[in-house]
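Colleague: Letter by letter, the sequence shown follows residues 27 to 412 in our numbering.
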Amino acid sequence: MNSQRIKELAYTVGFDLCGICSPEVIPEARERYYRWLELEYHAEMGYLAKDPIRRSDPSLLLDGARSVIMLGLNYYQPNSAETPMGYGRVARYARGKDYHKVVAKKTKEMIGLISDELGDRQVTPSPDDNDDSAESSGRAESELGDSASAMAGPDGTGTGEENGSRSRKEDVIPQQAAGHRNTRYPLGHREFRWFVDYGPMLERAYAEKAGLGYIGRNGLLISRQFGSWIFLSEIITSLELTADDPRAIKHGTCGTCKKCMEACPTGAIVEDRVVDSSKCISYLTIERPSQVPDDLAAKIGDRIFGCDVCQEVCPHNYQRQKMTKHEQFLSGGVGEFVDTRKVLAMQTREDFLALTAGTPLTRTRLEGMKRNAEIIQRSRRSNSLL
């Protein structure tokens, strides 16, 4: 099994990008992450400060790790020109089905194909791969994060315990018998451990090292092929694979451009590749557990879940963004807009899950979604008086 064949298998299962790198620590990424934590830019996401050494060293996640396979999926779709009256806009990444499940399914399928070719044990899906039920989608069951935002930390560490999981780490290669979820299983004598935005890993830093793109001023990975509209997953493996040259593809640079910093409504991009989560609208509308301070709430506008501003103004994205070919990101979810009046009328968790189950919007819970809807309506009333 060589690196070229790994990439062929990645494209076979539907990934848009694939690169390979070694699992050694990236010193600059580790130092940036430590500094980000010291400055308390992780806001109330205390789990991000747990075990930072492990987060920055893939070899601690798998004994005998020799390679990291980085994978990417394009999720771009355009915006409508205007937001309908009484509605809130959803960030592009969250409009369809829960991307964690979509990307996880492809990642496990890829490992299955690798194991088949190596003559190892077949990988089978875990029981809830296609489960869009309330329980598999609720925040208490899957503390999943916003991989489309830089708020999770410099170079893309996940947003659970571990872009980690507090209680549902999907770092499992399941046995053929169901129910084995929080254990790593070897495929024959080869071993794999994988993550989709909820593993303890600086995923954007390793994607950059694997040649998938470069980390821009807004803290997001920018690729030559798709701009920054990319979901990432990673497979740490004991296979010895030839690493890609990160300089082989010219992804560009930010140069002197600071459009993302200037356009951010709350000034959350405080310096190159550094986002203060406490100001980031993605954090405020998704991760923040309490009320949003008035001065920041006034800048949220019509955004009910997430924010794409720093990506929308990026010149690289103007030239590179392409409509996603993955139907799961275009349908089966809440779509581009959510009716704030219906949200405010919700009384129970069941009401909330009737709208959000199987989508990333479960992350914010009913209380957070109602808070966001109230902010939008308050903003509408204020603007009507101007």
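Glycine is no exception: its CB is placed at the ideal position from the N, C-alpha and C atoms.
Run the CB neighbour count on A120, radius 10 Å, all protein chains shown included, and call it buried at 16 or more, exposed below.
Modeller: With 16 or more Cβ atoms within 10 Å of its Cβ, A120 is classed as buried.
Colleague: Secondary structure at M287, three-state DSSP: helix, strand or coil?
Modeller: Note: M287 maps to helix in three-state DSSP.
Colleague: In the DSSP assignment, what residue or residues form a beta bridge with G98?
Modeller: Paired residue(s): L43, L258.
Colleague: Are the CB atoms of P49 and P78 nearer to each other than 8 Å?
Modeller: Result no, Cβ atoms of P49 and P78 do not sit closer than 8 Å.
Colleague: Just tell me which of E217, G253, V51, R80 has its CA closest to the CA of C340.
Modeller: Cα-wise, what sits closest to C340 is G253.
Colleague: Which residues does DSSP pair with G114 in a beta bridge?
Modeller: For G114, which the question treats as bridged, DSSP gives the partners V364.
Colleague: In three-state DSSP terms, what is S9?
Modeller: Residue numbering for the chain in the displayed model covers 27 to 412; residue 9 lies beyond these limits and cannot be assessed.
Colleague: Any idea which residues DSSP pairs V301 with across the strands?
Modeller: The partner list for V301 (beta bridge, DSSP) reads I295.
Colleague: Determine the burial state of Y371: buried for a count of at least 16 other Cβ atoms within 10 Å of its Cβ, exposed for fewer.
Modeller: The sequence given here places Ala at residue 371; Tyr does not occur at that position. That one is exposed.
Colleague: Taking the straight line between their C-alpha atoms, what separation do you get for R375 and I330?
Modeller: Looking at the two C-alpha atoms, the distance is approximately 18 Å.
Colleague: State whether the region 256-271 contacts the region 37-53, with contact taken as three or more CB pairs (one from each stretch) at a distance under 8 Å.
Modeller: Yes, since at least three Cβ pairs between the region 256-271 and the region 37-53 fall closer than 8 Å, the two stretches touch.
Colleague: Looking at the secondary structure, which residues open and close the beta strand (DSSP E) in which R219 lies?
Modeller: Start and end: 216-221.
Colleague: Opposite Y240 in the DSSP bridges: which residues?
Modeller: According to DSSP, which records beta bridges pairwise, Y240 is partnered with I248.
Colleague: Go ahead and pull the three-state DSSP assignment for S93.
Modeller: Strand at S93.
Colleague: Would you kindly work out how many angstroms separate the C-alpha atoms of N156 and K127, rounded to a whole number?
Modeller: With a pLDDT of 39 at N156, under the threshold of 50, the modelled position of this residue cannot be trusted; read the value that follows with caution. Distance between the alpha carbons of N156 and K127: 7 Å.
Colleague: Taking buried to mean at least 16 other C-beta atoms within 10 Å of its own C-beta, is P386 buried or exposed?
Modeller: P386 is buried by the Cβ-count criterion.
Colleague: By a C-beta neighbour count over all protein chains shown, 10 Å radius and 16 as the cutoff for buried, is T366 buried or exposed?
Modeller: So T366 ends up on the buried side.
Colleague: Where does L228 fall in DSSP's three states?
Modeller: In this structure, L228 counts as strand in the three-state DSSP scheme.
Colleague: Output needed for I401: all residues of its chain with C-beta closer than 7 Å, excluding positions within five of it in sequence on either side, in chain order.
Modeller: Around I401: V318, A323, I326.
Colleague: If I measure Cβ to Cβ from T133 and keep anything under 7 Å in the same chain, skipping five residues before and after, which residues do I get?
Modeller: L97, W220, V222, S259, I261, listed in sequence order.
Colleague: Is the region 343-352 close to the region 242-252, with three or more CB pairs under 8 Å?
Modeller: Yes, the region 343-352 touches the region 242-252.
Colleague: Within the same chain, show all residues whose beta-carbon is closer than 8 Å to that of P104, passing over the 5 residues directly before and after it, in chain order.
Modeller: Result list for P104: M349, in chain order.
Colleague: By the 10 Å Cβ neighbour count, where 16 or more other Cβ atoms means buried, how is A174 classified, buried or exposed?
Modeller: Low confidence applies to A174: its pLDDT is 43, below 50, so where it sits in the model is not reliable, and the reading given next is rough at best. With 16 or more Cβ atoms within 10 Å of its Cβ, A174 is classed as buried.
Colleague: Taking the beta carbon of V296 as the centre, do at least 16 other beta carbons fall within 10 Å, making it buried, or is it exposed?
Modeller: Looking at its Cβ environment, which holds fewer than 16 other Cβ atoms inside 10 Å, V296 is exposed.
Colleague: Shortest alpha-carbon distance to L265 belongs to which of R397, A69, T382, D89?
Modeller: Nearest of R397, A69, T382, D89 to L265, Cα basis: D89.
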